[in-house]
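So the working numbering is basically just the index in the sequence shown, starting at one, shifted up by 1429.
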Amino acid sequence: MSTNTIAEKLQDRSDDLTRSERQLCDVILQNYPASGLGTITSLAEAAEVSTPTVARLVQKLGFSGFPEFQRALRAELNEKISSPLTKRASWVDDAPEGHVLNRFTKAVIDNIGQSMSKIAPAEFEHCCDLISDPSRKIYVIGGRITRTLADYFFLHLQVIRDDVVQITSSSNAWPHYLLDLNEKDVVVIFDIRRYENGTLKLAEMARERGADIVLFTDQWVSPIAEHATVSFASHIAVPSAWDSNLTLMLMSEIVIAEVQERDWEHTQARMEALEDMFDRTKLFRKF
């Protein structure tokens, strides 16, 4: 069963929309999902279209009318801001039958399928162009939970290329990193619900300095997307009080695999030098 958000449905149908409907679609996505929670008249006025255009668009998305469309938006908003406790309460009473091994695995597989189907190859290529460009310095940061993803991404990228910096998640320390941030540097950010204010502020300030932002986020989309050059939205909901980061991990590993190949000769030299250091320090046991 599809769990696509309204934003994803709008993007899927973009080629089928009229000019007025695309104009309306842009307004809805600007401050999604809050932009669609006013009256039908206020939404039409904001997009400078007629109210029948709004009604026609929501019907194209499969809703019987504007009230049903807004109920779906409110449900998304509740999902977007929910805590681990409220997430568990939402599934525990009506959890499907079967062992958690099967239920959880199916949820993750569904998440991967839905997430991968939304990735535009051109966006992926642009992301890898940015991260593999040796003239750009790369900064990586995550949040309270996603910093583990940022650590993993940083560690691999540090082996692959020069000039990779990990920004601490502490908001009282990351302004120091911005001092060295130059135009066209790249900031890779991991941010999922409940989106952190400090990370958003960092993204805003990095964009002001001319940096490009690559964002790994969830299907409800971090507000950082407004400042991002490239965004990857992954489905993360599973039968748990916690969200699953597996799809974000998969996406970051695909990026790592591609960036590694962009200048393999340089990467290979770095890896060989690193292996020599490992041997000299006897870090790993050899059998």
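Positions of the beta carbon are idealized from the N, C-alpha and C atoms, including for glycine.
| said: I'd like to check one pair, Ile1653 with Val1615: are the Cβ atoms closer than 8 angstroms? | reply: Position 186 of the sequence shown, counting from 1, holds the residue named residue 1615. Position 224 of the sequence shown, counting from 1, holds the residue named residue 1653. Val1615 is not a Cβ neighbour of Ile1653, given a cutoff of 8 angstroms.
| request: Kindly identify the DSSP beta-bridge partner or partners of Leu1644. | output: The residue given as residue 1644 occupies position 215 in the sequence shown. According to DSSP, Leu1644 bridges with Ile1618, Ser1660.
| So, is Leu1726 buried or exposed, given that buried needs 16 or more other C-beta atoms within 10 angstroms? | Absent from the structure is residue 1726, since the part of the chain shown begins at 1430 and ends at 1716.
| What are the partner residues of Gln1543, as DSSP defines its beta bridges? | Numbered from its first residue, the sequence shown carries residue 1543 at position 114. DSSP lists no beta-bridge partner residue for Gln1543.
| Whole-angstrom C-beta distance between Asp1620 and Thr1646, which should lie under 8 angstroms | Reading the sequence shown from its first residue, position 217 is the one you call residue 1646. Reading the sequence shown from its first residue, position 191 is the one you call residue 1620. The pair is a contact, with the Cβ atoms about 5 angstroms apart (cut-off 8 angstroms).
| said: Can you look up Tyr1568 in the DSSP assignment and give me helix, strand or coil? | reply: One-based indexing of the sequence shown puts residue 1568 at position 139. In this structure, Tyr1568 counts as strand in the three-state DSSP scheme.
| request: Compare the Cα-Cα distances from Gln1459 to each of Ala1686, Ala1579, His1656 and report the closest residue. | output: Locating residue 1459 in the sequence shown gives position 30, where the first residue counts as 1. For the options Ala1686, Ala1579, His1656, the alpha carbon positioned closest to that of Gln1459 is the one of His1656.
| task | Per DSSP, which residues does Gln1595 bridge with? Please list them. | result | Within the sequence shown, the letter at position 166 stands for residue 1595. Note: Gln1595 sits in a beta bridge opposite Val1569.
| C-alpha distance - Gln1697 paired with Leu1472, whole-angstrom precision | The sequence position of residue 1697 within the sequence shown is 268, counting from 1. The sequence position of residue 1472 within the sequence shown is 43, counting from 1. When rounded, the distance between both Cα atoms is 54 angstroms.
| request: Alpha carbon to alpha carbon, how far is Ile1589 from Leu1712? Give it in angstroms, no decimals. | output: For the purposes of this step, residue 1712 is identified with residue 283 of the sequence shown, where counting begins at 1. For the purposes of this step, residue 1589 is identified with residue 160 of the sequence shown, where counting begins at 1. One C-alpha to the other measures close to 20 angstroms.
| message | Under DSSP, the alpha helix (DSSP H) around Trp1603 begins and ends at which residues? | response | Translated into positions along the sequence shown, residue 1603 becomes position 174. Careful: Trp1603 lies outside any alpha helix (DSSP H) and carries neither H nor E.
| Exposure label - Met1430; buried when at least 16 CB within 10 Å | Counting from one through the sequence shown, the residue named residue 1430 turns up at place 1. Confidence in Met1430 is poor, its pLDDT being 40 and thus under 50, which makes the residue's placement unreliable; the coordinate value appears in the next sentence. With fewer than 16 Cβ atoms within 10 Å of its Cβ, Met1430 is classed as exposed.
| Helix, strand or coil for Tyr1461 per DSSP? | Along the sequence shown, read from residue 1 onward, the residue named residue 1461 stands at position 32. Tyr1461 falls in the coil class under three-state DSSP.
| task | Can you have a look at Asp1445 and say buried or exposed, based on whether 16 or more other CB atoms are within 10 angstroms of its CB? | result | In the sequence shown, counting from the first residue as 1, residue 1445 sits at position 16. Exposed, since its Cβ has fewer than 16 Cβ neighbours within 10 Å.
| said: If contact is defined by three or more beta carbon pairs under 8 angstroms, each pair taking one atom from either stretch, is the segment 1569-1587 in contact with the segment 1528-1539? | reply: No, the segment 1528-1539 is not in contact with the segment 1569-1587.
| message | With three or more beta-carbon pairs closer than 8 angstroms as the criterion, would you say the segment 1667-1682 touches the segment 1590-1608? | response | No, because fewer than three Cβ pairs between the segment 1667-1682 and the segment 1590-1608 fall closer than 8 angstroms, the two stretches do not touch.
| said: On the criterion of 16 or more Cβ atoms from any shown chain inside 10 Å, does Gly1571 qualify as buried, or is it exposed? | reply: Residue 1571 sits at position 142 when you count from the first residue of the sequence shown. By the neighbour-count rule (16 or more Cβ atoms within 10 Å), Gly1571 is buried.
| Is Val1650 closer than 8 angstroms to Val1617 when the C-beta atoms are compared? | Residue mapping note: residue 1617 aligns to position 188 of the sequence shown, counting from 1. Residue mapping note: residue 1650 aligns to position 221 of the sequence shown, counting from 1. No, they are not a contact pair.
| If Pro1668 and Val1529 are in contact, beta carbons under 8 angstroms, what's the gap, nearest whole angstrom? | One-based indexing of the sequence shown puts residue 1668 at position 239. One-based indexing of the sequence shown puts residue 1529 at position 100. Cβ-Cβ separation between Pro1668 and Val1529: approximately 7 angstroms, consistent with a contact (criterion under 8 angstroms).
| query | Quick one, which of Leu1439, Glu1612, Gln1587, Ile1548 has its alpha-carbon nearest Leu1490's? | reply | The count along the sequence shown starts at 1 and reaches residue 1490 at position 61. It is Leu1439 whose Cα lies nearest to the Cα of Leu1490.
| Rounded Cβ spacing between Ala1501 and Phe1495 (contact assumed at less than 8 angstroms) | Locating residue 1501 in the sequence shown gives position 72, where the first residue counts as 1. Locating residue 1495 in the sequence shown gives position 66, where the first residue counts as 1. Between Ala1501 and Phe1495 the beta-carbon gap is near 11 angstroms, outside 8 angstroms, which marks them as no contact.
| message | In the DSSP assignment, the alpha helix (DSSP H) including Pro1481 goes from what residue to what residue? | response | Indexing the sequence shown from 1 puts residue 1481 at position 52. Secondary structure note for Pro1481: its alpha helix (DSSP H) is the uninterrupted segment 1480-1489.
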